[in-house]
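*Asks:* My questions all concern the structure below.
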Amino acid sequence: MQTRQLGKTDLHLSVIGFGAWALGGGDYEFGWGTQDDRDSIRAIHGALDVGVNWIDTAPVYGLGRSEEVVGRAVQGIRGEVLIATKCSLVWDGDGKISNSLKRDSIVREAEESLRRLQTDYIDLYQIHWPAPDEDIEEAWEALVELKESGKIRYPAVSNFNAEQLDQVSPIHAVASLQPPYSMFRRDVEAEILPYCRDNSIGVVAYSPMQNGLLTGKFSAERAAELPEDDFRSRSPYFNSPQLEINLATVEKLQEIAQSAGHTTAQLALAWVLRRSEVTSAITGTRKPEQIKETAAAADWTLDTETIETITTLLDDRENRIANSSS
Ligand SMILES: NC(=O)c1ccc[n+]([C@@H]2O[C@H](COP(=O)([O-])OP(=O)(O)OC[C@H]3O[C@@H](n4cnc5c(N)ncnc54)[C@H](OP(=O)(O)O)[C@@H]3O)[C@@H](O)[C@H]2O)c1
């Protein structure tokens, strides 16, 4: 699979990355419903087989479960795969999640991630959320300390805005930013992507298929049947009045994909990857069949006409959503 250099680092990421959020299962606030660990491990191995060379996880995904599963999957092949994880979302004995950017908390989190991942280094370590805002410099200094001690290779961030990137950059170069980016979430195009381009910061785009909605495999019935322990059952994207507008747009996207001999999921990923600022699209995967399909997006370059047709569709969707809530 094609790789792209991550910002100024010596990491070359496959353009499709493995997103391990759903591997955390359903048993916590941001769960994805039931997930079988054996499927998860087969999915990771399936991804590596088709050329994916990096995995994105986080301690909070299943309150440790996703990292543990990733750790088990990469046993014996650690050197062949790059691991990105995160810090800043912690939980108490009742599973209640909160934010901490305090130095001691981050150092402790890194130790726990290393233990769960069964490794002695993390390739890319990202501040998951910049909250509370007043502690982001303290957190960034903690990441630099972890780099100096060899526990992480590159410090990075997620969900930061340009101002916050400006704030931490003088302390240490930011390897990459992990923002949301999909056909249904285009806001980073205005400021964040150009900022990252101008400052040689890698971009690893999250939820490129809008949590599965842009795969073409969702219907009103399936959305209505999402179990309570799947956070999508509460997401506005998967509920009225947005759901109907989203599904109508996906139907049109499906026609575009099919006429080019591709699937809607592949179109969603190829669309994200059309931007040169994007290093890799972090593709959420729960089963090996899913990554087999989505990996093929890496070889599809969209032409200008297709991109323009899609822009019209997406603008129309946004207008319809704005009108539906006014
Ligand atoms: N930094 C952050 O704050 C943040 C936030 C969100 C995500 N992320 C990262 O980004 C990754 C990807 O985002 P995401 O998981 O939200 O969503 P995504 O990639 O937009 O969608 C993933 C979901 O789509 C479905 N899917 C995947 N391949 C499919 C296929 N071939 N056919 C049909 N359905 C398919 C799966 O769910 P079903 O099979 O259940 O439909 C899968 O869990 C996460 O795993 C995580 O690593 C980071």
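First residue of the sequence shown? That's 3 in my numbering, and the numbers climb one at a time after it.
Where a beta carbon is used, it is the ideal one built from N, C-alpha and C, also for glycine.
Predicted model, so just to flag it, every value in this text is computed and none were measured.
1. Thinking C-alpha only, which one of 74, 93, 79 is nearest residue 30?
2. Indicate whether residue 247 and residue 319 have their beta-carbon atoms separated by less than 7 Å.
3. Quick one: what's residue 204 bridged to in DSSP?
4. Can you tell me where the alpha helix (DSSP H) with residue 213 in it begins and where it stops?
5. Counting only the same chain and skipping the five closest in sequence on each side, list residues whose C-beta sits under 7 Å from that of residue 83.
6. Heavy atom of ligand 1 less than 6 Å from the Cβ of residue 108, yes or no?
7. Give the secondary structure of residue 277 by DSSP, where H, G and I count as helix, E and B as strand, and everything else as coil.
8. State the Cα-Cα distance for the pair residue 43 and residue 228, rounded to the nearest angstrom.
9. Is it the case that the Cβ atoms of residue 27 and residue 66 are separated by a distance below 7 Å?
10. Are the CB atoms of residue 166 and residue 132 within a distance shorter than 7 Å?
11. Would you kindly check if the distance between the Cβ of residue 300 and the Cβ of residue 17 is under 7 Å?
12. Where residue 24 and residue 201 are concerned, what is the direct C-alpha to C-alpha distance, given to the nearest angstrom?
13. Using 8 Å as the cut-off, can you tell me whether the stretch 172-181 makes contact with the stretch 232-245, which would need three or more C-beta pairs spanning the two stretches below that distance?
14. Which one of 103, 10, 113, 124 has the shortest CA to CA distance from residue 81?
15. Can you tell me where the alpha helix (DSSP H) holding residue 170 begins and where it ends?
16. Between residue 244 and residue 224, what straight-line distance do the alpha-carbon atoms span, to the nearest angstrom?
17. Taking residue 3 as the reference, which of 326, 268, 53 has the closest Cα?
18. Rounding to the nearest angstrom, what Cα-Cα distance links residue 19 and residue 216 in this structure?
19. Can you list, in chain order, the residues of its chain with a C-beta nearer than 7 Å to that of residue 279? Leave out the 5 residues immediately preceding and following it.
20. My understanding is that residue 283 touches residue 274, with C-beta atoms under 8 Å, so please give their C-beta distance in whole angstroms.
21. Counting beta carbon pairs with one atom in the stretch 144-158 and one in the stretch 110-117, are three or more of them shorter than 8 Å?
22. Please report how far the alpha carbon of residue 15 lies from the alpha carbon of residue 85, in whole angstroms.
23. Restricting to Cα atoms, I'd like to know which of 212, 174, 317, 130 is closest to residue 10.
24. Buried or exposed: residue 37, going by 16 or more other Cβ atoms within 10 Å of its Cβ?
25. Nearest-angstrom Cα distance between residue 288 and residue 61?
26. Going by DSSP, what residues sit across from residue 7 in a beta bridge?
27. Tell me whether residue 152 is buried or exposed, calling it buried when 16 or more other Cβ atoms sit within 10 Å of its Cβ.
28. Closest to residue 35 by CA distance: which of 139, 134, 234 is it?
29. Hey, could you find the ends of the beta strand (DSSP E) residue 101 is sitting in?
*Replies:* Reading off the structure:
1. Along the sequence shown, read from residue 1 onward, the residue named residue 30 stands at position 28. Selected option, being the one with the closest Cα: 93.
2. Translated into positions along the sequence shown, residue 247 becomes position 245. Translated into positions along the sequence shown, residue 319 becomes position 317. Yes, Cβ-Cβ distance for residue 247 and residue 319 is below 7 Å.
3. Sequence index remark: in the sequence shown, residue 204 carries index 202 (1-based). Looking at the DSSP output, residue 204 shares a beta bridge with 178.
4. Start at 1 with the first residue of the sequence shown, and residue 213 comes out as number 211. It is not in any alpha helix (DSSP H) - residue 213 carries neither H nor E in the DSSP assignment.
5. As a working note, residue 83 is residue 81 in the sequence shown. Excluding residues within five positions, the ones whose Cβ falls inside 7 Å are 50, 55, 56, 57, 76.
6. By 1-based counting over the sequence shown, the position of residue 108 is 106. Residue 108 Cβ: outside cutoff for every heavy atom of ligand 1.
7. Counting from 1 along the sequence shown, the entry for residue 277 is found at position 275. Three-state DSSP puts residue 277 in coil, outside helix and strand.
8. Sequence index remark: in the sequence shown, residue 43 carries index 41 (1-based). Sequence index remark: in the sequence shown, residue 228 carries index 226 (1-based). Within the model, the alpha-carbon separation for residue 43 versus residue 228 is close to 23 Å.
9. As a position in the sequence shown, residue 27 is number 25, starting the count at 1. As a position in the sequence shown, residue 66 is number 64, starting the count at 1. Cβ atoms of residue 27 and residue 66: not closer than 7 Å.
10. As a position in the sequence shown, residue 132 is number 130, starting the count at 1. As a position in the sequence shown, residue 166 is number 164, starting the count at 1. One thing to note: residue 132 has its Cβ within 7 Å of the Cβ of residue 166.
11. Numbered from 1 along the sequence shown, position 15 holds the residue referred to as residue 17. Numbered from 1 along the sequence shown, position 298 holds the residue referred to as residue 300. By the CB criterion at 7 Å, residue 17 and residue 300 fall inside the cutoff.
12. Taking the first residue of the sequence shown as position 1, residue 24 is located at position 22. Taking the first residue of the sequence shown as position 1, residue 201 is located at position 199. Rounded to whole angstroms, residue 24 to residue 201 spans 32 Å at the Cα level.
13. Judged by pairs of C-beta atoms under 8 Å, the stretch 172-181 does not touch the stretch 232-245, as fewer than three such pairs exist.
14. In the sequence shown, counting from the first residue as 1, residue 81 sits at position 79. Looking from the CA of residue 81, the closest CA among 103, 10, 113, 124 belongs to 124.
15. Residue mapping note: residue 170 aligns to position 168 of the sequence shown, counting from 1. Per DSSP, the continuous alpha helix (DSSP H) segment holding residue 170 begins and ends at 164-170.
16. If you number the sequence shown from 1, residue 244 lands on position 242. If you number the sequence shown from 1, residue 224 lands on position 222. Computed Cα separation, rounded: 15 Å.
17. Residue mapping note: residue 3 aligns to position 1 of the sequence shown, counting from 1. The residue with the shortest Cα to Cα distance from residue 3 is 53.
18. As a position in the sequence shown, residue 19 is number 17, starting the count at 1. As a position in the sequence shown, residue 216 is number 214, starting the count at 1. Rounded to whole angstroms, residue 19 to residue 216 spans 17 Å at the Cα level.
19. Within the sequence shown, residue 279 is the residue found at index 277, counting from 1. If you ignore the 5 residues before and after residue 279, its C-beta comes within less than 7 Å of the C-beta of 195, 198, 199, 205, all in its own chain and listed in chain order.
20. Walking along the sequence shown from the start, residue 283 turns up at place 281. Walking along the sequence shown from the start, residue 274 turns up at place 272. The pair is a contact, with the Cβ atoms about 5 Å apart (cut-off 8 Å).
21. Flag = yes, the stretch 110-117 and the stretch 144-158 touch.
22. Walking along the sequence shown from the start, residue 15 turns up at place 13. Walking along the sequence shown from the start, residue 85 turns up at place 83. Spanning the two alpha carbons is a distance of roughly 11 Å.
23. Position 8 of the sequence shown, counting from 1, holds the residue named residue 10. Comparing Cα positions, the closest option is 174.
24. For this step, residue 37 is matched to residue 35 along the sequence shown. Looking at its Cβ environment, which holds 16 or more other Cβ atoms inside 10 Å, residue 37 is buried.
25. Taking the first residue of the sequence shown as position 1, residue 288 is located at position 286. Taking the first residue of the sequence shown as position 1, residue 61 is located at position 59. Each residue's alpha carbon lies about 17 Å from the other.
26. Residue mapping note: residue 7 aligns to position 5 of the sequence shown, counting from 1. Looking at the DSSP output, residue 7 bridges to 14.
27. As a working mapping, residue 152 is identified with position 150 in the sequence shown. Exposed, by the Cβ-count rule.
28. On the sequence shown, position 33 is the one that residue 35 refers to. For residue 35, the closest alpha carbon among the candidates 139, 134, 234 is that of 234.
29. On the sequence shown, position 99 is the one that residue 101 refers to. Residue 101 -> beta strand (DSSP E) spans 99-101.
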